[in-house]
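Chains as they are written, first to last, in our numbering: chain B, 17 to 252; chain C, 7 to 515. From the three backbone atoms N, C-alpha and C, an ideal C-beta is built for every residue, glycine too. None of these values were measured; they are calculated from a predicted model.
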Amino acid sequence: MNNTILIVDDDTELRQLLLEYFKERDYTVLLADGGAHMWEQLDKNQVDLVILDLMLPGEDGLTLCRNLRASSKTPILMLTAKGDEMDRIVGLEMGADDYLHKPFIPRELLARVKNILRRSGEGRDDNRHARALHFSGWVLDLDARHLIDGFGVIVSLPAGEFRILKLLAENPNRVLSRDQLLDVSSGREAGPFDRTIDVMISRLRRRLHDDGGDAALIKTVRSEGYLLASKVERRV
Amino acid sequence: MKFLPRTLFGQILLALCVGLLAAQAAGIWLTLSDRAKFGEGLMGSFAAQRIAGVISILDKADPAERQRLVRALNVPPTHISIDEPWKTATDTPTDDAKSFIEHVAQEVDRPVAIQVLAIKHAEPRRRDDGSLPPPPPPNAPNQRPTDVKSVPPAPPPSASTPKLSDTSADASEPDSKPVNDFERHRRIRPNRPVSFLIGQARLDDGTVLTFRHGLPETTLEGPLRLLGMLAILGISVALLSAWAVRKLTQPLASLADAATGLAQNLEQPPLPENGPTEIAKAARAFNAMQRDIKRYLDTRAHALAAVSHDLRLPITRLRLRLEKIDEGELRNKMESDLTEMDQMIGSTLEFLRAGSTSEKASRLDLNALVESVTEDMITVGATIRQHGTVAQPMLVRPQALRRCLTNLLENARRYGGGDVDISLLEKEGAVEIRVDDRGPGIPKDDLERVFEPFVRIESSRAKQTGGSGLGLAIARAIARSHSGDVRLEPREGGGISAILTLPRNIVVA
Chain B
17 MNNTILIVDD
27 DTELRQLLLE
37 YFKERDYTVL
47 LADGGAHMWE
57 QLDKNQVDLV
67 ILDLMLPGED
77 GLTLCRNLRA
87 SSKTPILMLT
97 AKGDEMDRIV
107 GLEMGADDYL
117 HKPFIPRELL
127 ARVKNILRRS
137 GEGRDDNRHA
147 RALHFSGWVL
157 DLDARHLIDG
167 FGVIVSLPAG
177 EFRILKLLAE
187 NPNRVLSRDQ
197 LLDVSSGREA
207 GPFDRTIDVM
217 ISRLRRRLHD
227 DGGDAALIKT
237 VRSEGYLLAS
247 KVERRV
Chain C
7 MKFLPRTLFG
17 QILLALCVGL
27 LAAQAAGIWL
37 TLSDRAKFGE
47 GLMGSFAAQR
57 IAGVISILDK
67 ADPAERQRLV
77 RALNVPPTHI
87 SIDEPWKTAT
97 DTPTDDAKSF
107 IEHVAQEVDR
117 PVAIQVLAIK
127 HAEPRRRDDG
137 SLPPPPPPNA
147 PNQRPTDVKS
157 VPPAPPPSAS
167 TPKLSDTSAD
177 ASEPDSKPVN
187 DFERHRRIRP
197 NRPVSFLIGQ
207 ARLDDGTVLT
217 FRHGLPETTL
227 EGPLRLLGML
237 AILGISVALL
247 SAWAVRKLTQ
257 PLASLADAAT
267 GLAQNLEQPP
277 LPENGPTEIA
287 KAARAFNAMQ
297 RDIKRYLDTR
307 AHALAAVSHD
317 LRLPITRLRL
327 RLEKIDEGEL
337 RNKMESDLTE
347 MDQMIGSTLE
357 FLRAGSTSEK
367 ASRLDLNALV
377 ESVTEDMITV
387 GATIRQHGTV
397 AQPMLVRPQA
407 LRRCLTNLLE
417 NARRYGGGDV
427 DISLLEKEGA
437 VEIRVDDRGP
447 GIPKDDLERV
457 FEPFVRIESS
467 RAKQTGGSGL
477 GLAIARAIAR
487 SHSGDVRLEP
497 REGGGISAIL
507 TLPRNIVVA
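Here it is in structure tokens:
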């Protein structure tokens, strides 16, 4: 099946390049150079995803994003040129499903597009990127990539530990093998004597004040792997 | 001179207090001595009138009546007798004595021969230090020029000096009464100064009248009372002028603080433009300067940001164009060039943003932060040992501080040979994080220069290891926006120590 992408950007060259890039990868691509044109295209066509530039002449990307979100459920991917924290957060609050900084790597854009389309294809009600996972009094902030304890104190995490905890929290009460965890943490295959994951899990337990006993948050499942024994709430 | 206060406040206060106290002390002294003189004058004329009265009464009485009158009139403070011979004053009379004599002469309506043998003034006594000699016995009155070698008490009648003119028929009995009286006086009030005047006058029939008039003590108050007054004055003057001078010098201190803080934080609130005219003017000038510097820096930052932004579009385009080229070494190299450009733009923008306030401050566990950054750095290949912990989380901007620490560690890893020690130290009122490496070090003169944006020291090492030249500038800007700082020091035994200090009572700008 052929997904339709609407690209809204004021730079003609870039629009053309994106058109060619996505066409080669079997997408139907529509172009718009601004707000008015975008509404026109949306009226005439069935669109599966809008790639929207934040910096547009006239009606800016944020306003368009909010209006679009108010009138339809079409997923939106924001392109932010500033790379400023504010734009990113505001963009997400205005209802964008994801964002990407310019200058992006084309493969990264493609991956995000696929991801959004898959999520919306699964018919998930909450299509958007979760920004935080709440479990057992802890908050895992997915944007800032750190943990927040019950008193609001930020507990920083090394990148590897963050990815492991994220995977565990995204799949609560499901056993994840050492291989799966090692894969997200470093992209390596686990050798038979690889203790990397066990070391990281024990560090994570220390940070979570988890003694690993019966009431453990991260439970060890003998010879299989680990699971996060908690209800997890996704918040956008 | 080293005991003088160094602050303007202290110096003005000292000058004011010393000046006012000196003036007050002089004033009090003058007032008291004037009062004393006035009092003495009053007492002197009282004594003169009294003696003149006695002379007039005794003049008119016949000898038989005289003895009775002398007894009746012999009451304090004037003791009189007519039994003693005329003595010769050895010294010339003092001014006091002269004026007393004149005064008596005026009161008596005939010429009268009168002489003052002694005037004893009371001396202020200190109560307990004994530095002044005890007053001499009253019958050996002293010091005064009109003093007589041997004043009565009881000159034996036979021992009368030839100069004494006669008719001392009544001088048969020695009269020691005055002495006794003075003795009694001293016994009753042993600590009070005693002063008296001794003189003789001839009555109209030639009888010698000897009188001792006890002058009440002078009214000069004791030094204790004076000191008390001075102390009260001194304290109130000191308090008042401390308040006033503090009010005057406070704006100067704020001005100095503002000037010191300017380098760290251009966003600091403007100085209040009040106070004395000169200071208000200085504050206005300072505020204007701060605004100008800020505007100037903003303009430059804007230009730099605009260039960086504008470069992002061509880079994006180039990346899309590269997708049309077949995979291969050329494409890989161009991709990595683009990534490098992207990173340079990224750190430039990060530098421009480093001190900004867009990130919200939160409480952060510093130990976990250091551990995480260290862990991440170890993953990319470095030997890092971590030492020490700190108590209690701190209010900081978490992402910014993470960037700051990452930059310091990255620097140590890159230029410091990959063998790094990171230590967390709890200092008074601040937390210190030290990143120590064993690299080739940096020449002393360049230790500050490397904090300037885009500056790299001219060593081949730095060149080949790359880096944007912004890492330390960003780290310092972030530290300063937390009211802290980053500095570099040569490490003992070789290498560099990067020291990040964060005050505990942090003011997150």
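- Among the residues facing chain C, residue 169 (chain B) is included, as its CB has a counterpart in that chain under 7 Å away.
- Residue 374 (chain C) reaches chain B at 171, 172 and 223, counting residues in chain order whose Cβ is nearer than 7 Å.
- The beta-carbon distance between residue 63 (chain B) and residue 22 (chain B), rounded to whole angstroms, is 5 Å. This is short enough to meet the 8 Å contact definition.
- In the three-state reduction of the DSSP assignment, residue 29 (chain B) falls in the helix class.
- Per DSSP, reduced to three states, the secondary structure at residue 390 (chain C) is strand.
- Not flagged as an interface residue toward chain B: residue 342 (chain C), since no C-beta distance is shorter than 7 Å.
- At a cut-off of 7 Å between C-beta atoms, residue 412 (chain C) does not count as an interface residue with respect to chain B.
- Within the segment 311-325 of chain C, the residues whose Cβ lies closer than 7 Å to any Cβ of chain B are, in chain order, 315, 318, 319, 321, 322, 323 and 325.
- Chain order gives the chain B residues near residue 385 (chain C) as 174, 175, 176 and 202, where near means a beta carbon separation below 9 Å.
- Separation of residue 167 (chain B) and residue 391 (chain C) (C-alpha to C-alpha, rounded to the nearest whole angstrom) is 29 Å.
- DSSP places residue 287 (chain C) within a helical segment (H, G or I) once states are collapsed to three.
- Collapsing the DSSP output to three states places residue 241 (chain B) in a strand.
- Distance check between residue 119 (chain B) and each of C:352, C:237, C:387 and C:505 places C:352 closest, using alpha-carbon atoms only.
- Proximity of residue 182 (chain B) to chain C, defined by a Cβ-Cβ separation below 7 Å, is not satisfied.
- Close to residue 30 (chain B), with beta-carbon spacing below 9 Å, are these residues of chain C in chain order: 319, 322, 323 and 326.
- Within 7 Å of the CB of residue 160 (chain B), the CB atoms of chain C belong to 404 and 405, in sequence order along the chain.
- Distance between residue 381 (chain C) and residue 174 (chain B), taken at the CA atoms: about 6 Å.
- The DSSP-derived three-state label of residue 9 (chain C) is coil.
- Residue range 335-359 is occupied by the alpha helix (DSSP H) that includes residue 357 (chain C).
- In this structure, residue 212 (chain C) lies away from residue 83 (chain C), with their beta-carbon atoms at least 7 Å apart.
- Under a 10 Å Cβ-count criterion, residue 215 (chain B) is classified as exposed, with fewer than 16 other Cβ atoms of the shown protein chains found around its own Cβ.
- Interface criterion met: the Cβ of residue 122 (chain B) is under 7 Å from a Cβ in chain C.
- Check the Cα spacing between residue 393 (chain C) and each of C:429, C:433 and C:22: the tightest is with C:429.
- Any Cβ of chain C closer than 7 Å to the Cβ of residue 130 (chain B) would place that residue at the interface, and such an atom is absent.
- Shortest Cα-Cα distance from residue 235 (chain C) to any of C:64, C:329 and C:31 involves C:31.
- Minimum Cα-Cα distance from residue 275 (chain C) among the listed residues C:292, C:287 and C:284 corresponds to C:292.
- The beta carbons of residue 410 (chain C) and residue 479 (chain C) sit about 11 Å from each other, so the pair does not count as a contact at 8 Å.
- Under a criterion of Cβ atoms nearer than 7 Å, the residues of chain B adjacent to residue 381 (chain C) are, in order, 174.
- Per the C-alpha coordinates, the member of B:185, B:188, B:125 and B:212 positioned closest to residue 176 (chain B) is B:212.
- Excluding sequence positions up to five before and after residue 442 (chain C), its CB lies within less than 6 Å of the CB of 427, 497 and 503, all in the same chain and listed in chain order.
- Minimum Cα-Cα distance from residue 314 (chain C) among the listed residues C:280, C:303, C:356 and C:121 corresponds to C:356.
- Taking 7 Å as the CB threshold, residue 419 (chain C) stays off the interface with chain B.
- Under the three-state reduction of DSSP, residue 192 (chain B) is assigned to strand.
- Closer than 7 Å to the CB of residue 489 (chain C) there is not a single CB belonging to chain B.
- Listed in chain order, the non-local C-beta contacts of residue 358 (chain C) below 7 Å within the same chain comprise 307, 310 and 311, local neighbours out to five positions each way being set aside.
- Not flagged as an interface residue toward chain B: residue 496 (chain C), since no C-beta distance is shorter than 7 Å.
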